[in-house]
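In the working numbering, the protein residues as written are -10 to 599.
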């Protein structure tokens, strides 16, 4: 028996011949019973048998009479490890090596806390109707071209729809000695991506382009005519940044933003009001059923920025779009955290919540609280450090004690490396830790909290990479893999879990600019000196440090982080000022100002919920 519920081993059971879990259940009419409960299936994430993943399903409608419940295995979405490329090739692998079955009767998950349930005849069965699974995509309605094109011909068709494309793979560049001129040059070149790699008809940025080794358009190149909602939100910020930098006039910035907002309003939405996660930039077809919390947050962040950058022209249109959204849709009221998202075609939420505090989703959480969509206590249900019994973490937390801020109790604590105290991220990457600083002025408003942690995080990223790993350059974050694909990279000691090292990505280096400007500029100069990593649109996406092999890709997400950071640095936090100018910040700003990470037994002023 489990502490609250029932647990049994499945002993690496292979459920691939089956498509449903079935069991019989009834409640005790005399003793009473819960009508709902949670079912969990767990398995190890990989052959190392350390980390587990789980799929869950909430059973409902229990009565005093015996009934058979049949649950499609495809609804245990957490078993589909989307970080594993093999799952995308063969989704049936999610049903192999099942290790545990749990009936979770924890009090927050049931409709009645006391009573009796009877279970019988647990079995895996095949009924021949497995239903859809999470990697299914909407059916495409037609061809993009009158005749089928492939390879280079199709790439040329897509390039003709764009506003420009690189002419050379490795243009000759001379970089100014003056640091401000050097950064401005990078900003100008990076802006060229957003000036050019945009579908002319729909004014949406493309997600990715990959240039050939010798020619921009070649058989080993690729044009990704799709985008996601984070790309769109950041693109809006990039248009404002181009105006700030003097690259385009106000009239052009407004015109282009209006065109993109018009496309946003035309796109097929989920009934919640949020966009789906991916769209085809050529046809505007929805290409994903998933509605993502973190991506929806970045879209709204971009809309708040343009609303406050050009209020006379854009406020009404922005408020119309923002008014359709409520982040309560993503809020798990039991865990008081935000779910990863919602699988619309399955009618279920993701099996996972964003629980770790010092990660990218804190921006979406801040926006959700600021809007009044979710309660302020959500911020304090995010995990600063994990409990000591979580033995998988890189180190045990220090001073993990109960603290109180704004009247809310939570556990604090910190990690320490080389005498530097810090709150860890999940993977030790720059992206997850620093991306929220594109819009949130943590250095200004949280000098003893998030802002201080940001500075220490960058310091450790530099010192560990240069000192411990002996790399000549630093900046690790999820990025393209020069040898092919995409993967997660980070400084392991900075994460609760920690990603692997090996690849440096320029966007991660640039994200450190405002916290270590001299070191960051030196690092960027070293990148262009050592590696063939700079093209017409600025830095290519990544380099394998040991071999010098460069991923000749431009990713909209990574280019945007570079460009927006440069604008913030060169123009006194221009994007952050637009975001903080919005009235929604009045409610949420104390979340930044009041928490002090490294004070022991902190008890701060203010009434709960004020």
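For glycine and all other residues, C-beta sits at the position ideal for the given N, C-alpha and C.
Computed from a predicted model, the values in this text were never measured in an experiment.
Close CB contacts of residue 152 within its chain, under the 8 angstroms cut and outside five residues either way in sequence, are with 184, 185, 186, 187, 189 (chain order). Residue 321 sits in a strand when the DSSP states are folded into three classes.
For residue 291, the uninterrupted alpha helix (DSSP H) run begins and ends at 282 to 298, by DSSP.
Residue pairing by DSSP puts residue 539 in a beta bridge opposite 532. Around the C-beta of residue 384, fewer than 16 other C-beta atoms lie within 10 Å, and the residue is accordingly described as exposed. According to the DSSP assignment, residue 28 belongs to no alpha helix (DSSP H) but to the beta strand (DSSP E) extending over 26 to 33.
Residue burial is scored here from C-beta neighbours: residue 312 has fewer than 16 other C-beta atoms within 10 angstroms and is therefore classed as exposed. In the structure shown, the three-state DSSP call for residue 397 is strand.
At a Cβ-Cβ threshold of 8 angstroms, residue 63 and residue 126 do not count as neighbours.
One thing to note: residue 366 has its Cβ within 8 angstroms of the Cβ of residue 325. Within the same chain, and ignoring the five residues on either side of residue 202 in sequence, the residues whose Cβ sits closer than 8 angstroms to its Cβ are 158, 209, 541. Counting only runs of 3+ residues, the beta strand (DSSP E) found wholly inside the segment 366 to 438 occupies 391 to 394, 397 to 400, 404 to 406, 409 to 411, in chain order. Nearest neighbour of residue 302 by Cα position, chosen from 280, 555, 368, 245, turns out to be 245. Under the Cβ criterion (8 angstroms, minimum of three pairs), the segment 409 to 428 counts as touching the segment 485 to 504.
If you ignore the 5 residues before and after residue 437, its C-beta comes within less than 6 angstroms of the C-beta of 585, all in its own chain and listed in chain order. In the DSSP secondary-structure assignment, residue 492 is bridged to 533.
Between residue 399 and residue 392, the beta carbon gap of about 6 angstroms places them in contact (Cβ cut-off 8 angstroms). Cβ neighbours of residue 211 within its own chain (closer than 6 angstroms, five residues either side excluded): 199. Here DSSP, grouped into helix, strand and coil, assigns residue 275 to strand.
For residue 213, the enclosing beta strand (DSSP E) starts and ends at 211 to 213. As the crow flies, the alpha-carbon of residue 8 is around 21 angstroms from that of residue 41.
When rounded, the separation of the alpha-carbon atoms in residue 553 and residue 165 is 21 angstroms. If the five residues before and after residue 107 are omitted, its C-beta is found closer than 6 angstroms to the C-beta atoms of 15, all from its own chain and listed in chain order. The beta carbon of residue 271 is closer than 6 angstroms to those of 133, 214 in its chain, skipping five residues each way along the sequence. Its Cα nearest to that of residue 363, the residue 576 stands out among 148, 441, 576, 111. Taking C-alpha positions only, residue 234 is separated from residue 505 by approximately 22 angstroms.
By the criterion of a C-beta distance shorter than 8 angstroms, residue 146 is surrounded in its chain by 133, 134, 138, once the five residues flanking it on both sides are discounted. Between residue 446 and residue 483, the beta carbon gap of about 6 angstroms places them in contact (Cβ cut-off 8 angstroms). Beta-carbon to beta-carbon, residue 493 and residue 453 are separated by about 13 angstroms, too far to satisfy the 8 angstroms threshold. Counting C-beta pairs with one atom in each stretch, the segment 33 to 40 and the segment 94 to 101 have fewer than three that are closer than 8 angstroms, which means they do not touch. Counting along the chain, residue 89 sits inside the beta strand (DSSP E) bounded by residues 87 to 93. Setting aside the 5 residues that flank it on each side, residue 406 is surrounded in the same chain by 449, 482, each with a C-beta closer than 6 angstroms to its C-beta; the list follows chain order. Within the same chain, Cβ atoms closer than 7 angstroms to the Cβ of residue 582 are found at 434, 435, the five residues on either side in sequence being excluded. Counting of Cβ neighbours within 10 angstroms places residue 129 among the exposed residues, the total staying below 16.
In this structure, residue 45 and residue 65 form a Cβ contact; the two beta carbons are roughly 7 angstroms apart against a cut-off of 8 angstroms. For residue 110, there is no enclosing alpha helix (DSSP H); the residue is part of the beta strand (DSSP E) that begins and ends at 106 to 114.
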